[in-house]
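One structure is given below, encoded as structure tokens.
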Amino acid sequence: MKDSINELQKIWQEEQIKYQNQNKTKITQLMTTAQSRKKSSVRFQYGNVATLGFVLLAIVYFFSFYLSMREVLSQLGLTLMYGGLLFRIGIEIYSLGYARNIDMGESSLVNTESTLTYLEFRKRIHGSFTLIIVGLYTLGFYMLVPEFAMYMDTLWVILIAVSYLPAAIIPVWQIRKAIRKEVKELEELVRIREMMTKVADSH
Amino acid sequence: MVNDKQADFERLYKQYQPMVMQVCTGFVKGKTALASDLCQEVFIHIWNAMATFEARSTIKTWIYRITVNTCLQYVRKQGRNPEVPMQGKEHQIPNEPVNDHQASQILYVCMGKLPEIDRLLMMMVLNGLGYQEISDIIGISHANVRVKVHRIKHKLKKLIRYERQHQ
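Respectively, the protein sequence lines represent chains V and S.
Under our numbering, read the first sequence as residues -17 to 185, first letter to last.
Under our numbering, read the second sequence as residues 3 to 169, first letter to last.
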């Protein structure tokens, strides 16, 4: 086998013709997949915002019409809970806009840089931002407990206060899993960027 | 409007599918099933990005960018795999004379031993793309492309010689 670049180019370009016969995917099927993939991606992205919005509305409704809180401490607690959720919804919407700006048709370096910025932002959301939001929400929730104690039996109050903890652990665990995945992706991207930008040593 | 988009997409697919499939096959070291999935992913990205194509570059450069970015996205999501040499049976091209098959087989095996970016750069060179075009696709300077390509060519030649001696 010859190893001159011209020979290799000839072999490579002759090979390309053979891929025309290997084309088994139907174009219409591909277009349908692309369209349905886009729809499900949009549904998934907005699904998060919709779920958070629904939770916020349910809480507002519950504490406005079903169990209105009168104490100042409880009002402060509710403000922290609403504020935390609203902040989270805002971040999710901002994040959607961020992701949409990543253009696959840009050069690889620009695409890598934009993805890196996006993943670093997601890491921050899943890290410090979420901890602050969960912290504020938890603090807000426990600020309601003294007023609960005014209307409920102590046993029920203890049950409500304790049952909040396992409910908080599940999202924290999921967040940690997401962070680990994103950190791995970030490390890979940094490696790819270094490989791209490093000026090669000449021989 | 939708029919125009479909017609454009069909034309792009017919014209560039072999090129994209070859790059994907070379990138995943000849694993044809994986290359098909990757190729499909590239065309899904093309379909979704067609409305944003602004003709600042040629359509071929744009498709190449999407192909390279999809390959790199695959690496990012899968994590770094150890550089395992490609097994002969993974790259199967039907109806080829034995010598041609051997020559292309060696080329694919050796390409598979290059790091990801070098592999992509080398495939562009083998496809006949110029330094300026490669520079537009990757986004690094013309001079850097030239130096890198020079080094990769040297490395590939050494790998091919080694592979031939050990066959």
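Where is the CB? At the ideal position from N, CA and C, for every residue including glycine.
Which same chain residues end up closer than 8 angstroms to V:I161 when comparing Cβ atoms and leaving out the 5 residues on each side of it in sequence?
Counting from one through the first sequence, the residue named residue 161 of chain V turns up at place 179. Short of 8 angstroms from the beta carbon of V:I161, and not among the five residues preceding or following it, lie these beta carbons of its own chain, in chain order: K105, H108, G109.
Using 8 angstroms as the threshold, is the region 157 to 165 of chain S in touch with the region 109 to 124 of chain S, meaning 3 or more CB pairs across them?
Three or more Cβ pairs closer than 8 angstroms define a contact, and the region 157 to 165 of chain S meets that threshold against the region 109 to 124 of chain S.
Leaving aside the five residues before and after S:D138 along the sequence, list all residues of the same chain whose C-beta is less than 7 angstroms from its C-beta, in chain order.
As a working mapping, residue 138 of chain S is identified with position 136 in the second sequence. Once the five neighbours on either side are set aside, the close Cβ partners of S:D138 are S59, T63.
Residues of chain S with CB under 7 angstroms from V:A16, in chain order?
Reading the first sequence from its first residue, position 34 is the one you call residue 16 of chain V. Within chain S, the residues near V:A16 are I46, W49, N50.
Measuring CB to CB, does V:L38 end up less than 8 angstroms from V:M178?
Counting from one through the first sequence, the residue named residue 38 of chain V turns up at place 56. Counting from one through the first sequence, the residue named residue 178 of chain V turns up at place 196. No; because the gap between Cβ atoms is not below 8 angstroms, this pair is not in contact.
Can you find a C-beta in chain S that's less than 8 angstroms from the C-beta of V:E167?
Position 185 of the first sequence, counted from the start, is the residue given in the question as residue 167 of chain V. Taking CB atoms only, V:E167 has a neighbour in chain S less than 8 angstroms away.
First through last residue of the alpha helix (DSSP H) which encompasses V:F26
Locating residue 26 of chain V in the first sequence gives position 44, where the first residue counts as 1. Counting along the chain, V:F26 sits inside the alpha helix (DSSP H) bounded by residues 9 to 43.
So, is V:R82 buried or exposed, given that buried needs 16 or more other C-beta atoms within 10 angstroms?
The count along the first sequence starts at 1 and reaches residue 82 of chain V at position 100. Classification of V:R82: exposed, given that the 10 Å Cβ count is below 16.
Strictly under 8 angstroms for the Cβ-Cβ distance: is S:Q42 near chain V by that measure?
Here the question's residue 42 of chain S lines up with position 40 in the second sequence. Closer than 8 angstroms: yes.
Nearest-angstrom Cα separation, counted from V:R175 out to V:Y43:
In the first sequence, the residue the question calls residue 43 of chain V occupies position 61. In the first sequence, the residue the question calls residue 175 of chain V occupies position 193. Answer to the nearest angstrom: the Cα atoms are 49 angstroms apart.
Can you find a C-beta in chain S that's less than 8 angstroms from the C-beta of V:E129?
Taking the first residue of the first sequence as position 1, residue 129 of chain V is located at position 147. With 8 angstroms as the cut-off, V:E129 does not count as an interface residue toward chain S.
Residue from V:F111, V:L137, V:T120 whose Cα sits closest to the Cα of V:I157:
In the first sequence, the residue the question calls residue 157 of chain V occupies position 175. Of V:F111, V:L137, V:T120, the residue nearest in Cα terms is V:F111.
Leaving out the 5 sequence neighbours to the left and right, which residues in its chain are closer than 6 angstroms to S:V25 when beta-carbon positions are compared?
In the second sequence, residue 25 of chain S corresponds to position 23, counting from 1. If we look at S:V25 and ignore the five residues flanking it on each side, its Cβ neighbours are T69, M125.
With distances taken from CA atoms, which of V:I41, V:R25, V:R19, V:M51 is nearest V:V127?
The sequence position of residue 127 of chain V within the first sequence is 145, counting from 1. Nearest C-alpha to V:V127: V:M51.
Answer with buried or exposed for S:Q167, where buried requires no fewer than 16 other C-beta atoms within 10 angstroms of its C-beta.
Residue mapping note: residue 167 of chain S aligns to position 165 of the second sequence, counting from 1. The residue in question, S:Q167, is exposed, as its Cβ has fewer than 16 Cβ neighbours within 10 Å.
Residues, ordered as in the chain, of the region 65 to 99 of chain V that lie near chain S by beta-carbon distance below 8 angstroms:
D85, M86, G87, E88, S89, S90, L91, V92, N93, T94, T97
Taking 8 angstroms as the threshold (C-beta atoms), are S:M23 and V:Y1 in contact?
By 1-based counting over the first sequence, the position of residue 1 of chain V is 19. By 1-based counting over the second sequence, the position of residue 23 of chain S is 21. Yes, they are a contact pair.
Under 7 angstroms between beta-carbons, which chain V residues line up against S:I142? List them in chain order, please.
The count along the second sequence starts at 1 and reaches residue 142 of chain S at position 140. Here the neighbours are L91, M178, T179.
With H, G and I counted as helix, E and B as strand and the rest as coil, what does DSSP make of S:G141?
Here residue 141 of chain S corresponds to residue number 139 of the second sequence, with the count starting at 1. In the displayed model, S:G141 falls within coil according to three-state DSSP, outside both helix and strand.
Does the Cβ of S:T47 have 16 or more other Cβ atoms within 10 Å, making it buried, or fewer, making it exposed?
Within the second sequence, residue 47 of chain S is the residue found at index 45, counting from 1. The displayed chain sequence assigns His, not Thr, to residue 47 of chain S. Buried is the call here.
Is the CB-CB distance between S:V30 and S:L36 below 8 angstroms?
On the second sequence, position 28 is the one that residue 30 of chain S refers to. On the second sequence, position 34 is the one that residue 36 of chain S refers to. Taking 8 angstroms as the Cβ cut-off, S:V30 and S:L36 qualify as a contacting pair.
Could you tell me the boundaries of the alpha helix (DSSP H) in which S:N50 lies?
The sequence position of residue 50 of chain S within the second sequence is 48, counting from 1. Its alpha helix (DSSP H) spans residues 34 to 51.
Run through chain S and tell me which residues come within less than 7 angstroms of V:L171, C-beta to C-beta.
Numbered from its first residue, the first sequence carries residue 171 of chain V at position 189. Within 7 angstroms Cβ-Cβ: R78.
Could you give the C-beta distance for V:E119 and V:G66, rounded to a whole number, given that I count them as a contact under 8 angstroms?
On the first sequence, position 137 is the one that residue 119 of chain V refers to. On the first sequence, position 84 is the one that residue 66 of chain V refers to. In the sequence under discussion, the amino acid at residue 119 of chain V is Tyr, which differs from the Glu named in the question. About 4 angstroms separates the two Cβ atoms, so the contact holds.
With DSSP run on the structure shown, which of helix, strand or coil describes V:D135?
Indexing the first sequence from 1 puts residue 135 of chain V at position 153. Residue state, collapsed to three classes: coil.
Report yes if the CB atom of V:L58 is closer than 8 angstroms to the CB atom of V:M125, and no otherwise.
Residue 58 of chain V sits at position 76 when you count from the first residue of the first sequence. Residue 125 of chain V sits at position 143 when you count from the first residue of the first sequence. Closer than 8 angstroms, so yes.
Partner residues on chain S for V:Y43, Cβ-Cβ distance less than 9 angstroms:
Residue 43 of chain V sits at position 61 when you count from the first residue of the first sequence. The premise fails here: V:Y43 is roughly 38 angstroms from chain S at the closest Cβ pair, so nothing lies under 9 angstroms.
Could you name each continuous beta strand (DSSP E) segment of 3 residues or more that falls completely within the region 47 to 99 of chain V, going from the start of the chain to the end?
none
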